[in-house]
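Quick notes on the structure that follows.
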Amino acid sequence: MPEYRKVTVESVANTPNPTREKKEIDEAVGASEFGFNVFTADPGEQVPWGYHRHPDHEELFYVLSGQLRVETPDGEFLVEVDEAFFVPRDAPNRAVAAGDEPCRFVAVGAPKDADSAVIEEECPACGEDTDRTYETVEDHGRTVYVLSCADCGVETRRFE
C-alpha cells in the first residue's frame, strides 16, 4: 500500500545555506526521485553557494513572492511572482534575490540522485574560474560553512 505523506513547510527544519531559509521538503516526505526545496532569500542573497552547474540534473524555479534574478552565460533573466524558470542539465547559473523584498520560491530538481553541483567562480586570490570545497567550523556556538578555492585553498566565502 502506498505511504502518503503531508507536511507543513514551516514545520520543516531550516537547512544551512547562504539564504535566510531553505526547507528541504523532499527530505521531509521521503521523496527519492526529485528534489523539492522552498527558499526564502533576502535581497542580494544568492542561491545556492555560487555560480554552478549540475552535470546530470535539471532544475525548475517557481517564484511565490518577490523577484529572482537568474544569471547565465546567455544573460540575466528576471523571474517574477507566478513565473517559472527552467535550467537544463549542465547549464551554468546563479540565482539571486532581486528587488527590495525577500524572494520566496520553490526549486525542483531531477533526478534527485544526480544533484551534485560544480561551483565555478573566479577566485579572488588566483584569478582562475575554479570549483569550491567547503568545511564546517564552529564559531561562537554556531556552525559556519567556509568555502575555499579548490585550486589554491584560499577562503572565498562564509555563511551560517
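Per the UniProt record's numbering, numbering of the sequence shown is gapless, rising by one per residue and ending at 160. All C-beta atoms, glycine included, are put in the ideal place defined by N, C-alpha and C.
| Item | Value |
| --- | --- |
| Endpoints, beta strand (DSSP E) assigned at residue 58 | 58-65 |
| Stretch pair the region 83-98 + the region 65-75: three plus CB contacts closer than 8 Å | yes |
| Boundaries of the alpha helix (DSSP H) in which residue 139 is found, first to last residue | Per DSSP, residue 139 belongs to no alpha helix (DSSP H); it is in the beta strand (DSSP E), 132-139. |
| Collapsed DSSP secondary structure at residue 23 in the structure displayed | strand |
| Local conformation of residue 100 per DSSP, three classes | coil |
| Nearest-angstrom Cα separation, counted from residue 154 out to residue 140 | 22 Å |
| For residue 129, the three-state DSSP class (helix, strand or coil) | strand |
| As assigned by DSSP and simplified to three states, the class of residue 11 | helix |
| Which of helix, strand or coil DSSP assigns to residue 154 | coil |
| Residue 48: first and last residue of the uninterrupted beta strand (DSSP E) it sits in | 46-53 |
| Identity of the residue in 116, 13, 67 nearest residue 53 by Cα | 116 |
| Inter-stretch contact at 8 Å, needing at least 3 Cβ pairs: the region 35-47 / the region 15-22 | yes |
| Cβ contact check for the region 95-103 and the region 6-16: 3 or more pairs under 8 Å | no |
| DSSP three-state assignment for residue 29, whether helix, strand or coil | helix |
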